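Working notes for the structure below.
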Amino acid sequence: MKLLRYGCKGSEKPGVLDSTGTIRDLSGVMPDLTACRLGPESLQALRALDPAALPAIREDVRLGKPYAGMGKFICVGLNYSDHAEESGQPVPKEPIIFAKWNSCAQGPNDPIVLPRDSRKTDWEVELGVVIGKKARYIEPSEAPGHIAGYCVVNDVSEREYQLERGGQWDRGKGCDTFGPIGPWLVSADEVPDPQSLGLWLEVNGKRYQAGSTKKMVFDVNFLVSYISRFTTLEPGDLISTGTPPGVGMGQKPCVYLRDGDVVALGIDGLGEQRQTVYAWNASLLD
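Taking this note's numbering, the leading residue of the sequence shown gets 1, the next gets one more, and so forth.
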């Protein structure tokens, strides 16, 4: 299933994408697609529905975050060996874990607004893993049973804030609009091997990132297990699993996002995002 939420910001309705690419309305089945609806039993009930019997929605509708009530927004740094190399960093011996603040999460095509006085805002296409069942001290072999599905994440990052102002990564990761998610939450049964997905990202039509999840240093199941040792993972928690090479910081010379740029990105089978970049404008945040 490809689950989603559509409509104006703050009043989104739940939906599902059918096999023809048509959005079908789920609001007659549930008031919203929330974290508590991501468990195995709830997803199974949704699979039993006939999408053709649900109302069709026009194609040009805005897409919001694919589910409401996201819990923790957990990220993994330098999880592709070739990205670590372009960043001038050693390949980690253990996963590097940090957080994005939930207030940065937004729909897949909502604008990216540069923070005031930002000079080094960068892009990162990443595979997102959405938790559907509580996980605490689980083994990697148990991880698939705790995963509701997968999604595309753009881990937008302000490198000056992240690396040049005290070394606290969170500062450069959680700015408003820095967490586009979606377009869909693709249920785990439709992603038989999360370690064989192609990822790509373009800025103004130029492809900068083209990688594969097979290059991850730590795979999805290991990451879910590892993180569950340090915090209880709850339904709705999102793990963003790292980015392949090709970020702006890795270009020679460096390339960063500017007002008017257009970012497009996607992952095999998980859909695509498209964002326009704007200079600081508080009115675009509400």
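Ideal placement from N, C-alpha and C gives every residue a C-beta, glycine not left out. Quantities reported herein were computed from a predicted structural model and do not represent experimental measurements.
Contact check, residue i vs residue j, beta carbons under 8 Å
i, j, result
"arginine 5", "proline 66", "yes"
"leucine 197", "glutamine 209", "no"
"glutamate 124", "asparagine 102", "no"
"isoleucine 239", "valine 129", "yes"
"aspartate 32", "arginine 24", "no"
"glutamate 322", "glycine 269", "With the chain covering only 1 through 286, there is no way to say anything about residue 322."
"alanine 264", "glutamine 273", "yes"
"asparagine 204", "valine 156", "no"
"proline 115", "cysteine 75", "no"
"proline 51", "methionine 30", "no"
"glycine 69", "threonine 34", "yes"
"glycine 260", "cysteine 254", "no"
"threonine 241", "valine 217", "no"
"proline 95", "leucine 199", "no"
"valine 16", "tryptophan 280", "no"
Closest by C-alpha distance to residue i, when choosing among the options
i, options, result
"glycine 236", "Gly21, Cys36, Arg24", "Cys36"
"aspartate 122", "Gln106, Glu158, Ser141, Glu139", "Glu158"
"glycine 39", "Gly132, Leu163, Gly172", "Gly132"
"serine 324", "Ile57, Ala53, Val16, Lys72", "Since the displayed the chain opens at 1 and closes at 286, residue 324 lies outside it and no answer follows."
"isoleucine 97", "Ser118, Leu43, Lys173", "Lys173"
"arginine 119", "Lys134, Tyr278, Pro144, Leu78", "Tyr278"
"glutamate 234", "Ala135, Gly250, Leu78", "Ala135"
"threonine 117", "Arg258, Leu284, Gln275", "Before going on, a small fix: residue 117 reads as aspartate here, not threonine. Cα-wise, what sits closest to aspartate 117 is Arg258."
"glycine 266", "Lys2, Glu126, Glu59", "Glu126"
"glycine 145", "Lys206, Leu43, Gly250", "Leu43"
"lysine 100", "Asp170, Pro192, Leu285, Lys2", "Asp170"
"alanine 84", "Gly7, Lys9, Gly246", "Gly246"
"leucine 285", "Gly10, Leu3, Met1", "Gly10"
"glycine 317", "Pro194, Ile57, Ala143", "The shown model of the chain, from 1 to 286, leaves out residue 317, and the question about it has no answer."
"alanine 143", "Gln275, Pro194, Leu78", "Pro194"
"lysine 2", "Asn79, Thr232, Ala148", "Ala148"
"glutamate 59", "Thr22, Leu26, Asn79", "Thr22"
Exposure label - residue i; buried when at least 16 CB within 10 Å
i, result
"serine 225", "buried"
"phenylalanine 178", "buried"
"glutamate 164", "exposed"
"glutamine 168", "exposed"
"aspartate 20", "Just to set this straight, residue 20 is threonine in the shown sequence, not aspartate. Classification of threonine 20: exposed, given that the 10 Å Cβ count is below 16."
"proline 244", "buried"
"glutamate 41", "exposed"
"cysteine 151", "buried"
"alanine 188", "buried"
"glutamine 251", "exposed"
"proline 192", "exposed"
"glutamate 12", "buried"
"lysine 206", "exposed"
"glycine 300", "Nothing can be reported for residue 300, as the shown portion of the chain is limited to 1 through 286."
"alanine 53", "exposed"
"glycine 77", "buried"
**Request:** Give, in chain order, every unbroken run of the alpha helix (DSSP H) that is at least 4 residues long and sits entirely within the segment 152–181.
**Result:** 159–163, 169–173
**Request:** Kindly provide the ranges of any alpha helix (DSSP H) runs that are 4 or more residues long and lie completely inside the segment 200–266, ordered along the chain.
**Result:** 220–227
**Prompt:** Can you give, in chain order, each stretch of the alpha helix (DSSP H) that sits fully within the segment 61–122 and has at least 4 residues?
**Reply:** 81–86
**Asked** Any chance the segment 136–144 sits against the segment 107–122, with 3 or more Cβ pairs inside 8 Å?
**Response** no
**Request:** Determine contact between the segment 40–60 and the segment 209–219, defined as no fewer than three beta-carbon pairs at a distance below 8 Å.
**Result:** no
**Message:** With three or more C-beta pairs closer than 8 Å as the rule, is the segment 181–189 touching the segment 89–101?
**Reply:** no
**Message:** Which runs of the alpha helix (DSSP H) at least 4 residues long sit entirely within the segment 6–48? Give them in chain order.
**Reply:** 40–47
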